[in-house]
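Peer 1:
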Amino acid sequence: HRFYVPNNMVMAVVGDFDTDYIAGLIEREFSEYPLSNIDIPPMPDEPTVVSERLRVVEREYGLTYLRLGFRTTNLYDYDTPALDLLSAVLSSGRDAILPRRIKNKLGLVSDIEAWNYTPAFIEGNLQITASMPYENLDRVREEILNVLDEIAEKGVSNSDLRRAKAQIKAELYLGDEEFNIRAGQLAINEMYYGDPEYDLKYIDIINSLTSNDIKRVTKEYIIDGEIMEVRIIPPAKSEKSTEIRVVDEKPLTLTTLDNGLKVMVLERHNNPSISVSLNASAGSVSDPKGKEGLSNLTARMLLLGAGGMSSSDIMSKIESAGGSLNYEAGSDNTGLRLDVISDGFETAIGLLATVVQKPNLRSEDLPMQKEIAVQMLKSNLDDWSYYAYIKVREMLYDAHPYSHIPAGTEEGINSITIDDVREFYNRHFTPDNMVLTVVGDIDTDRALKLIEKHFGGWKKSSLSEKADIPDADTFYETGIVEEERWSYNQTALYYIFPGLKRASDDEYALMVLDSIISGIIMPSGRLHTRLRGEGLVYVVHAYNVPYRYGGHIVIYLGTSDEKLARAKQIVEEEIERIKTEIVPESELKLAKEKLLSAESIYRRQGFSDIASQITMEELFGGGYERYFELEKRIDEITAWDVLDVAKRYLDDYVIYIAHPEVSD
1053 HRFYVPNNMV MAVVGDFDTD YIAGLIEREF SEYPLSNIDI PPMPDEPTVV SERLRVVERE
1113 YGLTYLRLGF RTTNLYDYDT PALDLLSAVL SSGRDAILPR RIKNKLGLVS DIEAWNYTPA
1173 FIEGNLQITA SMPYENLDRV REEILNVLDE IAEKGVSNSD LRRAKAQIKA ELYLGDEEFN
1233 IRAGQLAINE MYYGDPEYDL KYIDIINSLT SNDIKRVTKE YIIDGEIMEV RIIPPAKSEK
1293 STEIRVVDEK PLTLTTLDNG LKVMVLERHN NPSISVSLNA SAGSVSDPKG KEGLSNLTAR
1353 MLLLGAGGMS SSDIMSKIES AGGSLNYEAG SDNTGLRLDV ISDGFETAIG LLATVVQKPN
1413 LRSEDLPMQK EIAVQMLKSN LDDWSYYAYI KVREMLYDAH PYSHIPAGTE EGINSITIDD
1473 VREFYNRHFT PDNMVLTVVG DIDTDRALKL IEKHFGGWKK SSLSEKADIP DADTFYETGI
1533 VEEERWSYNQ TALYYIFPGL KRASDDEYAL MVLDSIISGI IMPSGRLHTR LRGEGLVYVV
1593 HAYNVPYRYG GHIVIYLGTS DEKLARAKQI VEEEIERIKT EIVPESELKL AKEKLLSAES
1653 IYRRQGFSDI ASQITMEELF GGGYERYFEL EKRIDEITAW DVLDVAKRYL DDYVIYIAHP
1713 EVSD
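Put into structure tokens, the structure is as follows:
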């Protein structure tokens, strides 16, 4: 509502049409779209770099990586085009200066690249990256700086200048004949420069630049500036004189406030930012029957103002502090997620406390939020896999609350009243039912003092006694096969199995099993190899979802009617195989490596991901230690463990098959 408004947007239409007709159509469809006051807080510049900065990171990678950064300009600065041209001179094309000398002639790197990043809102930077064997690292750095020194002293040759200008023009125009690309360029030009044809003027500016211009900006921004340097090197290679520990391994601190709020702080100083997860032990499983979607709607309502402040007031303050605030709504949890730069933490944590303790929850805000929730649900239902997942959950869980997803149902959402929202909030958003986790660039003692200040006076709710929710295993329905036709142009096959509860020790063996049969997050594994190898499917995947009262395991694929029978045969052969045969040691080892790699890449890098996972472990009784034990626990899994969980969890299931509707 703040930014997606007509007076803050640009529409560009390119293609084969009658202009008057399209203009009239746009006028008819968008003329009633109301204007809004736009209050975009200024983004503060990053602190001035007064000395060289070096970070050394140890990683078990095959190559060593070097990145050099230099502070430059914002999008509108007079020198931005010259710096863009400098980056093109350095690395645009195989014959640019850096690849020509350092890669092709000296053979020191496998790759080298430069680019100038210039956002509209703050100063940007020119970066140079290279990958190489570790023993070449110092020589590569020296050669890069030699090139920059030469350009600052002598400028560049006419041939290098002509080539770089041509590369910029090619980058701008190649592919521009595609309607979507041209429309995007026109819209960007209008939004940032107030001129849809600005790219033509930009090329004229680039063409007017000389070697002396390149020489000047190189000296001013690169040679006379300070270097920001990052090295990613193999373990045990860092020199003591330059080593900087990127990750401070200070242990996590867990404390409980007098009001019952559990608080965890984990210091990580490799990035000047902080993430906060604040979640209640209540999700869509706690939605009353007939009010499906209540937990999700309550979480949305928390962002609509608090403590007498409007949503705009709160978001403006948080964004001015360099932060963002969002809601979370799952099957077992509902809460808030705060991400903020380190300098803004004190302001942002106070605002988070206000939002969760004193939400406005106004009746006049509810109708629009219900409408948005329904529209989002309908939009998601455009995806066949979303519909199918809802269907198989309903089949497996029968009358249990897990049978509906957090987004709810259209009927459930429409039946929700403001009293329902307030009761859900009062019953579940109480400190003794919540966990607050802080991860990032913060001193533990300082974080705890601020949390005590802002959350210590939060009183328990008189409604905090929770309703009993039964275990799902008394509701599971298996042995069902349902087949139907649907409106999607896709044939789908789904298997859903009764799964495990959160914090179960079986989770580790099931994660390895998942990696064996479907590659975890990355496309691989037995199912992928056989089904994709025979060209039978568009997509195939398996995943394990543990819930507090009983989860599920899913195997699904997208295929065509003529290939369905063979695809189904292979899936059931692989289910039987994993249940009856010991996994070879080499395959087990590879599956563990893929699993841990996927976890590291996709779930254990961002502070927000770390905070969320630690919160879930502590919230549902497993204890935060499980997060840190993953590698050890996965390493302990044997082929016999995989066979055991396969026999116990892949025996009973529900099958759902859907075919495209037959055309008349």
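Position 642, counted from 1, in the sequence shown is what our numbering calls 1694; the numbers after and before it change by one each time, with no gaps.
Ideal placement from N, C-alpha and C gives every residue a C-beta, glycine not left out.
For clarity, every value in this text was computed on a predicted model and none was experimentally measured.
Helix, strand or coil, according to DSSP, for K1314 in the structure here?
Peer 2: For the purposes of this step, residue 1314 is taken as residue 262 along the sequence shown, with counting starting at 1. In this structure, K1314 counts as strand in the three-state DSSP scheme.
Peer 1: Starting from L1077, follow the beta strand (DSSP E) in both directions and report where the run begins and ends.
Peer 2: Your numbering for residue 1077 matches position 25 in the sequence shown. No beta strand (DSSP E) contains L1077, which is instead part of the alpha helix (DSSP H) from T1071 to F1082.
Peer 1: Can you give me the C-alpha to C-alpha distance between I1196 and L1138, rounded to a whole angstrom?
Peer 2: Within the sequence shown, numbered from 1, the residue matching residue 1196 stands at position 144. Within the sequence shown, numbered from 1, the residue matching residue 1138 stands at position 86. Cα to Cα, I1196 sits roughly 14 Å from L1138.
Peer 1: Is it buried or exposed for A1075, if we count other Cβ within 10 angstroms and need 16 for buried?
Peer 2: What you label residue 1075 is simply residue 23 of the sequence shown in a count that begins at 1. Exposed.
Peer 1: With a threshold of 16 other CB atoms inside 10 Å of the CB of V1002, please say whether the residue is buried or exposed.
Peer 2: With the chain running from 1053 to 1716 in the structure shown, residue 1002 is simply not present.
Peer 1: Enumerate in chain order the residues of its own chain whose CB-to-CB distance from A1204 is below 8 Å, with the five nearest sequence positions on each side excluded.
Peer 2: Locating residue 1204 in the sequence shown gives position 152, counting from the first residue. Here the set comprises K1267, T1270, K1271, I1274 and I1275.
Peer 1: What does the Cβ neighbour count give for W1510, buried or exposed, with the cut at 16 atoms within 10 Å?
Peer 2: Here residue 1510 corresponds to residue number 458 of the sequence shown, with the count starting at 1. Looking at its Cβ environment, which holds 16 or more other Cβ atoms inside 10 Å, W1510 is buried.
Peer 1: Could you name the residues of the same chain whose beta carbon sits closer than 7 Å to that of L1502, not counting the 5 residues immediately before and after it, in chain order?
Peer 2: One-based indexing of the sequence shown puts residue 1502 at position 450. Cβ within range, chain order: E1398 and I1401.
Peer 1: Identify which residue in D1472, V1408, D1417 and M1563 has its Cα closest to the Cα of N1486.
Peer 2: Taking the sequence shown and counting its residues from 1, the one referred to as residue 1486 is at position 434. It is Met, not Asn, that sits at residue 1486 in the sequence shown. Ranking the options by Cα distance to M1486, first place goes to V1408.
Peer 1: For E1645, is the classification buried or exposed, using 16 other Cβ atoms within 10 angstroms of its Cβ as the cut-off for buried?
Peer 2: Along the sequence shown, one-based indexing puts residue 1645 at 593. By the 10 Å Cβ count, E1645 comes out exposed.
Peer 1: Return helix, strand or coil for Y1708, following the three-state DSSP convention.
Peer 2: Within the sequence shown, the letter at position 656 stands for residue 1708. If DSSP states are grouped into helix, strand and coil, Y1708 belongs with the strands.
Peer 1: With H, G and I counted as helix, E and B as strand and the rest as coil, what does DSSP make of K1646?
Peer 2: If you number the sequence shown from 1, residue 1646 lands on position 594. In the structure shown, K1646 sits in a helix (DSSP, three-state: H, G or I).
Peer 1: Does Q1542 come out as helix, strand or coil in the three-state DSSP assignment?
Peer 2: Along the sequence shown, one-based indexing puts residue 1542 at 490. Three-state DSSP puts Q1542 in coil, outside helix and strand.
Peer 1: Once DSSP output is grouped into helix, strand and coil, what is the label at L1118?
Peer 2: Start at 1 with the first residue of the sequence shown, and residue 1118 comes out as number 66. L1118 sits in a strand when the DSSP states are folded into three classes.
Peer 1: Can you list the alpha helix (DSSP H) stretches of 4 or more residues lying completely in the stretch 1442 to 1505, in chain order?
Peer 2: 1462 to 1467 and 1470 to 1480
Peer 1: Rounded to whole angstroms, what's the CA-CA distance from M1361 to F1122? Just pull it up for me.
Peer 2: For the purposes of this step, residue 1361 is identified with residue 309 of the sequence shown, where counting begins at 1. For the purposes of this step, residue 1122 is identified with residue 70 of the sequence shown, where counting begins at 1. Distance between the alpha carbons of M1361 and F1122: 41 Å.
Peer 1: At the level of alpha carbons, what is the spacing between Y1056 and L1433?
Peer 2: Numbered from 1 along the sequence shown, position 4 holds the residue referred to as residue 1056. Numbered from 1 along the sequence shown, position 381 holds the residue referred to as residue 1433. Their backbone Cα atoms lie some 23 Å apart in a straight line.
Peer 1: Here's the rule I'm using: 16 or more other beta-carbon atoms within 10 Å means buried, otherwise exposed. How should V1770 be labelled?
Peer 2: Lying before the first or after the last residue shown, residue 1770 is absent from the chain, which here runs from 1053 to 1716.
Peer 1: Identify the residues that DSSP records as bridge partners of D1391: which are they?
Peer 2: Your numbering for residue 1391 matches position 339 in the sequence shown. In the DSSP output, where bridge partners are listed per residue, D1391 has S1327 and S1376.
Peer 1: Using a 10 Å radius around the Cβ and a threshold of 16 neighbouring Cβ atoms, would you call A1166 buried or exposed?
Peer 2: Taking the first residue of the sequence shown as 1, we reach residue 1166 at position 114. Looking at its Cβ environment, which holds 16 or more other Cβ atoms inside 10 Å, A1166 is buried.
Peer 1: Got a sec, what are the start and stop residues for the beta strand (DSSP E) W1167 sits in?
Peer 2: Stepping through the sequence shown from its first residue, residue 1167 is reached at position 115. Its beta strand (DSSP E) spans residues D1163 to Y1169.
Peer 1: Ignore the nearest five residues each way along the sequence and tell me which others in D1136's own chain have a CB closer than 8 Å to its CB.
Peer 2: For the purposes of this step, residue 1136 is identified with residue 84 of the sequence shown, where counting begins at 1. Answer for D1136: N1168, T1170, I1220 and I1258, listed in chain order.
Peer 1: Are the CB atoms of Y1454 and R1445 within a distance shorter than 8 Å?
Peer 2: To locate residue 1445, count along the sequence shown from 1; it is residue 393. To locate residue 1454, count along the sequence shown from 1; it is residue 402. Cβ atoms of R1445 and Y1454: closer than 8 Å.
Peer 1: Starting from L1178, trace the beta strand (DSSP E) in both directions and tell me its first and last residue.
Peer 2: Here residue 1178 refers to the residue found at position 126 of the sequence shown. Here the beta strand (DSSP E) through L1178 covers N1177 to M1184.
Peer 1: Looking at the secondary structure, which residues open and close the alpha helix (DSSP H) in which G1043 lies?
Peer 2: Residue coverage of the chain in this structure runs from 1053 to 1716, which leaves residue 1043 outside it and unanswerable.
Peer 1: Taking the straight line between their C-alpha atoms, what separation do you get for T1689 and I1572?
Peer 2: Here residue 1689 refers to the residue found at position 637 when the sequence shown is read from its first residue. Here residue 1572 refers to the residue found at position 520 when the sequence shown is read from its first residue. Looking at the sequence provided, one finds Ile at residue 1689 rather than Thr. For I1689 and I1572, the distance between alpha carbons rounds to 16 Å.
Peer 1: Whose CA, out of Y1590, D1557, H1506 and T1461, lies closest to the CA of N1541?
Peer 2: Position 489 of the sequence shown holds residue 1541. For the residues Y1590, D1557, H1506 and T1461, the minimum Cα distance to N1541 belongs to Y1590.
Peer 1: What residues are listed by DSSP as bridge partners for R1283?
Peer 2: For the purposes of this step, residue 1283 is taken as the residue at position 231 of the sequence shown. Answer by DSSP bridge pairing, in chain order: V1108 and L1118.
Peer 1: Can the beta-carbon of L1588 be found closer than 8 Å to that of I1630?
Peer 2: Within the sequence shown, the letter at position 536 stands for residue 1588. Within the sequence shown, the letter at position 578 stands for residue 1630. Not in contact: L1588 and I1630 (Cβ atoms no closer than 8 Å).
Peer 1: Less than 8 Å separating the beta-carbons of S1183 and F1659?
Peer 2: Position 131 of the sequence shown, counted from the first residue, corresponds to residue 1183. Position 607 of the sequence shown, counted from the first residue, corresponds to residue 1659. No, Cβ-Cβ distance for S1183 and F1659 is not below 8 Å.
Peer 1: Classify M1361 as helix, strand or coil using the three-state DSSP reduction.
Peer 2: Taking the sequence shown and counting its residues from 1, one reaches residue 1361 at position 309. In this structure, M1361 counts as strand in the three-state DSSP scheme.
Peer 1: How far does the beta strand (DSSP E) with L1607 in it extend, from its first residue to its last?
Peer 2: Here residue 1607 refers to the residue found at position 555 when the sequence shown is read from its first residue. Sequence check: residue 1607 is Ile here, not Leu. Counting along the chain, the beta strand (DSSP E) containing I1607 begins and ends at H1604 to T1611.
Peer 1: When the Cα atoms are used, what is the spatial distance from E1380 to M1428?
Peer 2: Residue mapping note: residue 1380 aligns to position 328 of the sequence shown, counting from 1. Residue mapping note: residue 1428 aligns to position 376 of the sequence shown, counting from 1. Annotation: E1380 to M1428 spans about 15 Å, alpha carbon to alpha carbon.
Peer 1: Less than 8 Å between the C-beta atoms of D1497 and G1312, yes or no?
Peer 2: Within the sequence shown, numbered from 1, the residue matching residue 1497 stands at position 445. Within the sequence shown, numbered from 1, the residue matching residue 1312 stands at position 260. Their beta carbons are not under 8 Å apart, which means D1497 does not touch G1312 by this criterion.
Peer 1: Could I get the ranges of all uninterrupted alpha helix (DSSP H) runs contained in the stretch 1391 to 1421, with 4 residues as the minimum, in chain order?
Peer 2: 1397 to 1409
Peer 1: Which residues in the same chain as I1707 place their Cβ atom closer than 8 Å to its Cβ, once the five residues preceding and following it in sequence are excluded?
Peer 2: One-based indexing of the sequence shown puts residue 1707 at position 655. So the list reads I1532, V1533, E1534, L1545, Y1546 and Y1547, once near-sequence residues are dropped.
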